[in-house]
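Numbering (the numbering used here), first residue to last: 126 to 813.
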């Protein structure tokens with residue numbers, strides 16, 4: 126399908142033509158129209174290739190400055206537009222942007238290949254790399270040279286011309302299919318949202334949830350009904366509350382089958398082709414499978430290392446999940462003798478077990494977790510206590526949607542140094558899940574400071590109602606802000622190494638580490654305040670939350686490990702592997718890895734696994750568990766050294782959060798911790 130933007134031309138009136146004049150070069154969202162993206166993308170790619178040609182054809186001897194630094198300076202228009210384009214396409218998309226995203230994906234991939242498969246450019250990079258020991262580079266420059274050379278090699282720079290031509294075709298198709306998959310999920314969630322016509326079927330939900338779902342339906346022309354949007358995970362939050370078992374079953378199946386309905390949003394053909402072409406790409410590069418190729422620049426380095434890591438966890442996971450299942454089944458049996466525990470029952474009866482065991486009701490807890498108090502008095506407060514940060518709201522900067530808020534970030538020395546955007550409420554034109562994105566990348570070389578956004582999918586309250594969130598949502602808020610801190614604290618010369626531009630199995634360390642402060646007594650008591658009365662959460666309820674925090678830890682990690690195994694096994698396929706049935710392949714994976722017997726559904730089924738088919742986590746979803754090990758070990762260091770102190774925060778900021786990708790990850794972690802990472806704190810957190 127052709128977009129109307131193809132007829133537009135790039136002029137200096139385009140809002141991306143020059144750097145933004147707003148503070149921190151923040152995007153001028155009030156001036157950006159959907160039709161501005163394509164001409165800016167096309168012109169950005171054209172200029173990038175002209176700059177690359179100038180570098181590649183430079184008659185002077187290759188040097189670090191005229192080759193590596195020149196590469197870092199290139200493509201600034203393209204970076205400006207892609208940062209905003211991908212941010213808005215994910216958080217506030219439209220039919221137009223979805224079409225454009227698919228259309229541009231192959232062109233952007235081709236632009237990347239035109240750089241990394243440029244023989245003359247690689248000769249210059251290799252010439253500098255081969256003389257690296259004689260150049261007396263500073264450590265960050267040496268890291269840039271190492272990373273850049275490796276990126277060229279991993280991108281196929283050493284291939285023969287015929288294989289390069291094949292690789293380009295495969296890369297373009299992968300990019301296009303990944304964009305299509307992402308758009309199919311948005312469409313699937315939109316068209317297959319769960320609609321209830323009889324209010325009695327909502328029994329168990331709070332009045333505020335009912336009102337929000339009624340508003341959702343009304344906005345879709347379904348007045349008098351209730352529309353429950355599908356969250357990106359298999360299990361849906363309201364399954365813990367819905368009393369009607371048949372409704373729970375229908376909702377669960379709607380979630381599982383959202384992308385398998387034989388319509389335009391059915392992703393099965395898309396992912397089968399993606400898996401096949403990724404296997405073919407890996408073989409072309411000389412690797413047995415895509416996972417082996419992809420993990421080379423990760424902290425784990427090989428699929429075998431990941432297999433060993435999971436093998437060490439499996440006995441504990443199996444025992445922990447079985448222990449939890451006994452309690453959940455007993456609860457169900459007491460109410461429905463002889464009934465089989467099904468996936469749509471687990472959350473419902475697990476919540477009852479939690480209430481009985483810890484005398485805690487989610488409806489009793491949520492009034493103390495008002496979103497903005499959690500953000501300002503919890504997330505921001507923890508950042509102040511650890512790192513000395515403060516935050517001032519800016520209402521003078523344009524945003525891409527009325528839900529978005531902007532804060533200026535002020536360092537402990539009193540100097541403002543960054544912007545932080547929030548976009549927290551679910552919309553049917555927003556990707557599922559939660560994420561952090563750079564709107565402007567930090568770089569001393571380019572003179573840019575960080576502009577970071579956190580995007581979530583909390584249920585928007587009905588007008589006049591408070592935005593009450595669950596404790597799981599609280600953890601998500603702290604998690605995503607950990608990513609934000611990684612970007613905010615960037616102190617890199619080169620944008621390629623800046624902030625969160627790290628390996629997937631290292632980038633989740635700051636986010637998972639930051640989750641710990643949600644339960645710290647000083648932090649929790651500061652934000653857990655009743656939205657209506659202003660009274661602090663009673664000490665006994667605070668204590669219940671802390672005790673219940675590790676409840677169903679086995680289940681939660683098992684569903685994540687299952688998803689990670691699906692990811693790994695899809696990307697361990699060899700060329701020509703005859704996979705034609707997605708569900709059959711999933712079942713085979715769970716059987717072969719010993720996970721099927723645990724009776725826990727994967728957090729994501731293949732057909733709606735956005736991380737691995739559309740968000741770059743292919744073969745790397747294991748990273749959440751890998752970095753769980755790192756984060757638990759890092760938090761143990763804090764506990765061993767006085768806990769929540771400004772000095773400890775300064776150490777973590779200096780050694781981890783501000784380093785970006787300027788060091789080998791193992792060496793970076795060891796320099797912070799004083800030793801290699803230890804899995805014991807992670808096992809302790811799981812109850813071992």
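For each residue, glycine too, the CB sits at the ideal point set by N, CA and C.
From a predicted model like this one, the values you see are computed outputs, not experimental measurements.
Rounded straight-line distance, which links the Cα of residue j to that of residue i
i	j	result
residue 336	residue 491	16 Å
residue 126	residue 225	Reliability fails at residue 126, whose pLDDT of 40 lies under 50, so the model's placement of it is uncertain and the value that follows must be treated cautiously. Going by the C-alpha atoms only, they are around 9 Å apart.
residue 198	residue 134	25 Å
residue 667	residue 650	8 Å
residue 808	residue 673	17 Å
residue 131	residue 529	Only weak support exists for where residue 131 lies, its pLDDT of 48 falling under 50; the value from the coordinates is given anyway. Each residue's alpha carbon lies about 29 Å from the other.
residue 267	residue 298	34 Å
residue 314	residue 581	16 Å
residue 482	residue 655	23 Å
residue 827	residue 451	In the structure as shown, the chain starts at 126 and stops at 813, and residue 827 therefore has no counterpart that could be examined.
residue 547	residue 185	47 Å
residue 445	residue 540	48 Å
residue 728	residue 686	8 Å
residue 248	residue 422	22 Å
residue 413	residue 155	49 Å
residue 544	residue 212	15 Å
residue 243	residue 783	33 Å
residue 590	residue 333	7 Å
residue 447	residue 689	20 Å
residue 149	residue 803	40 Å
residue 599	residue 636	13 Å
residue 460	residue 453	11 Å
residue 711	residue 735	16 Å
Continuous alpha helix (DSSP H) stretch holding residue i: start and end
i	result
residue 210	201-216
residue 780	Unbroken run through residue 780: none, as it is neither H nor E.
residue 236	220-241
residue 714	707-717
residue 247	244-255
residue 490	487-490
residue 270	264-279
Short Cβ contact (8 Å threshold) for residue i with residue j
i	j	result
residue 503	residue 737	no
residue 797	residue 781	yes
residue 295	residue 166	no
residue 815	residue 369	An answer regarding residue 815 cannot be provided, because it is not within the stretch 126 to 813 covered by the chain.
residue 714	residue 683	no
residue 174	residue 239	yes
residue 250	residue 621	no
residue 416	residue 744	yes
residue 181	residue 257	no
residue 671	residue 644	yes
residue 373	residue 312	no
residue 375	residue 707	no
residue 367	residue 377	no
residue 189	residue 270	yes
residue 623	residue 799	no
residue 505	residue 494	no
Limits of the unbroken beta strand (DSSP E) element including residue i
i	result
residue 548	541-550
residue 478	Premise fails: residue 478 lies in the alpha helix (DSSP H), 468-483, not in any beta strand (DSSP E).
residue 530	530-535
residue 420	Counting along the chain, residue 420 falls outside any beta strand (DSSP E), and DSSP gives it neither H nor E.
residue 564	560-565
residue 582	576-583
residue 435	No beta strand (DSSP E) holds residue 435; the alpha helix (DSSP H) holding it covers 428-460.
residue 412	Segment: none, residue 412 is in no beta strand (DSSP E) and carries neither H nor E.
residue 519	515-519
When the options are compared against residue i, the one with the closest alpha-carbon
i	options	result
residue 171	147, 194, 204, 157	204
residue 202	395, 565, 642	565
residue 617	214, 545, 574, 628	574
residue 754	181, 413, 437, 378	437
residue 559	144, 179, 215, 455	215
residue 501	606, 588, 316	606
residue 384	720, 628, 427, 309	309
residue 144	341, 710, 456, 209	209
Within-8 Å CB hit, residue i to chain D
i	result
residue 461	No chain D is part of this structure, which consists of one protein chain only.
Exercise. Curious, which full-length beta strand (DSSP E) runs of at least 3 residues does the segment 301-377 contain?
Worked result: 319-321, 351-353
For this session: Could you name each continuous beta strand (DSSP E) segment of 3 residues or more that falls completely within the segment 594-678, going from the start of the chain to the end?
Result: none
For this session: Return the chain-ordered ranges of every alpha helix (DSSP H) run that is complete within the segment 134-205 and spans a minimum of 4 residues.
Result: 159-181, 195-198
Exercise. What alpha helix (DSSP H) runs, 4 residues minimum, are completely inside the segment 744-812?
Worked result: As far as the segment 744-812 is concerned, its whole alpha helix (DSSP H) runs of at least 4 residues are 748-765, 771-777, 790-798, 805-810.
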